[in-house]
Structures are given as C-alpha cells and as structure tokens.
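Numbering (UniProt numbering), first residue to last: 1 to 364. All C-beta atoms, glycine included, are put in the ideal place defined by N, C-alpha and C. All remarks here apply to the structure that follows.
Given below as structure tokens:
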C-alpha cells in the first residue's frame, strides 16, 4: 500500500459543514465510497446508519479540502488514494474483493502518476526547447538588427562618398579645363620661345662662321704683315745697298725712291686693312656678347617655362593617380603634359586603356 503524503485525518477534518462537489473526480470518489459503504453493510448485515453517512460526508469534506491545496495532478491522485485508504481502514481490510480493488486502484494511481510525470517532463522539455528557441531567435534578431543597422550606415556612408566623389569629379573637370587652357597658352608661348631660340642659334652660328672667317682673314693678314715686314727689312737692306751704290746713276736712285714709296704705300694700306679688321672684330665681339646675354635671358625664360610644365605634369599625374589611373599607364604616357591632359579626358570618357586613339590619334 502506498503511504500517504498528506497528514492523517484529524477531528477538525470531519467538519459537519457540507461543500458543493465541483470536481468530477471528487464526485466519482464520493459515489464509489457510498457504494462501498452500502456493500460492506449488506455483507455484515448492518443497515446504514447516521454514523456511516457522517463518515461518507467527512470523507467528501476531506477530499474537497485537500483538493483546495493540491498543486498538481500528482497531489490530486494522492488525495484520492488516501481517501480510498480511509475506506479500507474503516471497513474490511481482509476482504479479497477490497484487496483486489485496492491493488487495481493503486496500480491505476501509479500509472496516472507516471503518465503525469512523463507529461510534466515532456512539458518541461518543450518549455526548455521553446526557451532555447526564443533565446536563439532573440540572438539572431539582435544580430539581424545589427547587420541591418550596419548595412544602413554603410549605405549612408556610400551615398555620402558618392556625393563627395561627384563634387570632386566636377572640380577635377574644372581644374583640367583650366589647366588645359593654361597649358595651351604655355605650350604656344614655349613654341614661340623655341622658335626664337632656334633663330638666335642660327644667328649665333652665322656670327660664329663669320667670326671664323674674320679670324682666318686676320690670321692671313698677320702672316702677310710678317711677310711685308720681312719684305720691308729686305727692302731697307736693299735700299741701303742702293744708297751705298747711288753714285752710278740718278735714274737708279729715282727708281729706288719710287720703289720705296710704293712699298711704304703698300705697308700703310695693309696697316689700314689690319686696323679695319681689328675694329670689325671688336664690333663682332660686342655683338656676340649682346647675343650671348639675349640667349641667356631666353634660356632662363625657357627653363622657367619647362619648370612650370614639369610642375603641371606632376600635378596632373597626382590627380590622375587619385582617380584610379595605374602607375604603369602613367609611366607609359610619360611627362608630356599634353598627353597627360589627353589621358585625363580619356579617363573622363571612361576609356580604360590609356589615351583614347579615336579622340587623340596623334598621341595614342
């Protein structure tokens, strides 16, 4: 027999105050108890009495009061089992029928308890699974919200970046337009300066050739002067000889004087030519110095133009590199600012292979 988990039925439990039987299980138990009471009385030949009726009422009150404190189905099963034990104790414990009924009742209660426990375990497992599922869903929902917020922030940042890039592209287009215009002016000025330098170089070469001709002429005149001086010495010597032998003939003297005058005239003529050549050399040297100064100024201007073109080329390379043009492409194009501007325009028109040959057939 299963031991009751409830306290034994005391005198206070047998209250004469009747309660309404609301539970089907309590109603069935009361009917069963009344039937068992009548059957027991019939077996012993005892007619129902007020005491037996009071016992039935007390059992019903006990069941009702105990059910009010039951926490679950197992407690209810124990209450009905304990009430059945009261019937066994009240009547015949040795009756075979009662023993069989008691055994069947106890087996039924145990099966119900086991089923209730399995149900509770199943509900507990389901509750835990639902809790785990809710927690997992909550974690995934939180992660989804974070990803959603991250994607929203990324999209917002991307929109801002695109807007900034559009502004930079417009500014770059304006800068390229201005730089192209400036470059064209500087290129035209550089070409003009190059032409001037070329003319000056030709003029310098011509003056150099003229100078060389003058120097060769002067060298020849120096040689001739040395020859004339030598001739004068020889003539002076001959004159001395003539003067020493002048006594023979006046005609010889007159002829000698004429020869001396002619020689002196030739010497004066050569001196005049030498002086003119020296003056011309001085003049050419002054003109050469002037041309050298002009060439120096032009060279400085050309160097300044070249430096400005180099700076423009560097700025264009930096701008093109920041816009995604590869270093290999910039190396292939070189430092020519005209080609760099053509590369920028090709990049603007979304041509990725360097300079667009269709737009710039002479530069590609």
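Given that a residue counts as buried once 16 or more other Cβ atoms are within 10 Å of its Cβ, and exposed if not, what is residue 317?
As a first step, residue 317 is located in the chain shown; it is residue number 317 there, counting from the start. By the Cβ neighbour-count rule, residue 317 is buried, with 16 or more other Cβ atoms within 10 Å of its own.
Three-state class that DSSP yields for residue 277 in the structure shown:
As a position in the chain shown, residue 277 is number 277, starting the count at 1. For residue 277, the secondary structure class from DSSP, reduced to helix, strand or coil, is helix.
Look at residue 312 and residue 165 and say whether their C-beta atoms are less than 8 Å apart.
In the chain shown, residue 312 corresponds to position 312, counting from 1. In the chain shown, residue 165 corresponds to position 165, counting from 1. Cβ atoms of residue 312 and residue 165: not closer than 8 Å.
In angstroms with no decimal places, state the Cα-to-Cα distance between residue 24 and residue 73.
Here the question's residue 24 lines up with position 24 in the chain shown. Here the question's residue 73 lines up with position 73 in the chain shown. Its pLDDT being 40, under 50, residue 24 is placed unreliably by the model, and the measurement read from it follows with that caveat. When rounded, the distance between both Cα atoms is 14 Å.
Check whether the Cβ atoms of residue 329 and residue 354 sit closer than 8 Å, and answer yes or no.
Start at 1 with the first residue of the chain shown, and residue 329 comes out as number 329. Start at 1 with the first residue of the chain shown, and residue 354 comes out as number 354. Result yes, Cβ atoms of residue 329 and residue 354 sit closer than 8 Å.
Using only CA atoms, which one of 335, 295, 280, 76 lies nearest to residue 198?
Taking the first residue of the chain shown as 1, we reach residue 198 at position 198. Looking at 335, 295, 280, 76, the one whose alpha-carbon comes closest to that of residue 198 is 295.
Rounded Cβ spacing between residue 323 and residue 347 (contact assumed at less than 8 Å):
Here residue 323 refers to the residue found at position 323 of the chain shown. Here residue 347 refers to the residue found at position 347 of the chain shown. Residue 323 to residue 347, Cβ: 6 Å. Contact.
Going by the CB atoms, is the gap between residue 193 and residue 335 shorter than 8 Å?
As a first step, residue 335 must be located in the chain shown, where it is residue number 335. As a first step, residue 193 must be located in the chain shown, where it is residue number 193. Result no, Cβ atoms of residue 335 and residue 193 do not sit closer than 8 Å.
For residue 210 and residue 284, which I take to be in contact (beta-carbon distance under 8 Å), what is that distance rounded to the nearest angstrom?
Translated into the one-based positions of the chain shown, residue 210 becomes position 210. Translated into the one-based positions of the chain shown, residue 284 becomes position 284. Rounded, the Cβ-Cβ distance is 7 Å, consistent with contact.
Does the contact criterion of 3 or more C-beta pairs under 8 Å hold for the region 59-79 versus the region 111-124?
Here the region 59-79 makes contact with the region 111-124; the two share three or more CB pairs at distances below 8 Å.
Candidates 68, 69, 108, 216: which alpha carbon is nearest residue 84's?
For this step, residue 84 is matched to residue 84 along the chain shown. Taking only the C-alpha atoms, the option nearest residue 84 is 108.
Let me know the secondary structure DSSP gives residue 292 once reduced to three states.
Here residue 292 refers to the residue found at position 292 when the chain shown is read from its first residue. In the structure shown, residue 292 sits in a helix (DSSP, three-state: H, G or I).
Under a Cβ-count criterion, where at least 16 other Cβ atoms within 10 Å of its own Cβ denotes burial, should residue 158 be classed as buried or exposed?
Counting from 1 along the chain shown, the entry for residue 158 is found at position 158. By the 10 Å Cβ count, residue 158 comes out exposed.
Helix, strand or coil, according to DSSP, for residue 355 in the structure here?
By 1-based counting over the chain shown, the position of residue 355 is 355. Reduced to three states, the DSSP call for residue 355 is coil.
Buried versus exposed call for residue 361 [16 or more other C-beta atoms within 10 Å across all chains shown]:
Translated into the one-based positions of the chain shown, residue 361 becomes position 361. Residue 361 should be labelled exposed.
Would you kindly work out how many angstroms separate the C-alpha atoms of residue 161 and residue 202, rounded to a whole number?
Locating residue 161 in the chain shown gives position 161, where the first residue counts as 1. Locating residue 202 in the chain shown gives position 202, where the first residue counts as 1. When rounded, the distance between both Cα atoms is 58 Å.
Using the rule of at least 16 other Cβ atoms within 10 Å of the residue's Cβ for burial, across every protein chain shown, is residue 26 buried or exposed?
Start at 1 with the first residue of the chain shown, and residue 26 comes out as number 26. In this prediction, residue 26 has a pLDDT of 44, which is less than 50 and means its spatial position is unreliable; what the coordinates show is noted afterwards. Residue 26 is buried by the Cβ-count criterion.
So, with DSSP's three-state summary, where would you put residue 261?
As a working mapping, residue 261 is identified with position 261 in the chain shown. Residue 261: helix per DSSP, three-state reduction.
Distance check for residue 143 and residue 153, CA to CA, integer angstroms please.
Within the chain shown, residue 153 is the residue found at index 153, counting from 1. Within the chain shown, residue 143 is the residue found at index 143, counting from 1. Roughly 15 Å separates the two Cα atoms.
Consult DSSP for residue 150 and reduce its assignment to one of helix, strand or coil.
Walking along the chain shown from the start, residue 150 turns up at place 150. Helix at residue 150.
Measuring alpha carbon to alpha carbon, tell me which residue in 56, 310, 63 is nearest residue 81.
Within the chain shown, the letter at position 81 stands for residue 81. Nearest option by C-alpha distance: 63.
Roughly how many angstroms lie between the CA atoms of residue 297 and residue 230, to the nearest whole one?
Mapped onto the chain shown, residue 297 falls at position 297. Mapped onto the chain shown, residue 230 falls at position 230. Using only the alpha carbons, I get a separation of about 49 Å.
Could you tell me the alpha carbon to alpha carbon distance between residue 226 and residue 277, rounded to whole angstroms?
Residue 226 sits at position 226 when you count from the first residue of the chain shown. Residue 277 sits at position 277 when you count from the first residue of the chain shown. Going by the C-alpha atoms only, they are around 16 Å apart.
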